[in-house]
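In this note's numbering, the protein residues as written are 4 to 249.
A short write-up of the structure that comes next.
So this is what it looks like as structure tokens:
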């Protein structure tokens, strides 16, 4: 008889999920924060210089603060994602151990809970009772069922904290550097800032297309939501810069 690991590997090979799809949350989270965080630096400088001498806002200053912010925040987010994933795993397995202990201590009570959960989902009462009897014969299976349907907790076994952290960090850097590109190529002036704005919204649109590519959402929804959320943050960053200028 095949082990659960062998069966899982075989089924995944038959129904593969791309790397981006498997880590979409980290890609979108890291990418959006990278874009907005870096643009906040650019917009803050531009807003503070509005109506003044834009020469004071040199490209070196924008790039220095932008890159420092980009890499420090990317590192912080990557490490935060790592700790979050580790904590989620620890909590899940602690709660699951409690469920296993409860199944061993009070199998009849757990059987009744499984039956009630199944009937609440529309399963016929007799079928629910049979399913509950079957589940309770296999404590690990029963614990997995209770974790998902009673506790509402997804199994994090396949989530590797280091991969989660690296994905978040990489997405933050790749998308976050886009608003800075015009300042690498042109002197700092109104035109350069305008190009940075276009680059920012282009990066948000690209991130929205990534969402669309790996989900069943429409292009309009994926791109629209991503651009709208990022755009609000960008406007706030620029407004804060203007306030400091005033």
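For each residue, glycine too, the CB sits at the ideal point set by N, CA and C.
Nothing here was measured: the structure is a model prediction, and the numbers come from that model.
Between residue 172 and residue 33 the beta-carbon gap is near 7 Å, inside 8 Å, which marks them as a contact. A residue is called buried when at least 16 other Cβ atoms come within 10 angstroms of its Cβ; residue 26 meets this threshold and is buried.
If the five residues before and after residue 122 are omitted, its C-beta is found closer than 7 Å to the C-beta atoms of 128 and 131, all from its own chain and listed in chain order. Rounded to the nearest whole angstrom, the CA to CA distance from residue 159 to residue 92 is 6 Å. Counting every other CB atom within 10 Å of its CB across the protein chains shown gives residue 76 a total of 16 or more, marking it as buried.
Contact annotation: the segment 63–73 does not touch the segment 98–109, with fewer than three C-beta pairs closer than 8 Å.
Residue burial is scored here from C-beta neighbours: residue 165 has fewer than 16 other C-beta atoms within 10 angstroms and is therefore classed as exposed.
For the segment 188–243, the full-length alpha helix (DSSP H) segments reaching 4 residues or more read 193–217 along the chain. Contact check for residue 233 against residue 35 passes: the beta carbons are separated by less than 8 Å.
Per DSSP, the unbroken alpha helix (DSSP H) holding residue 173 starts and ends at 164–179.
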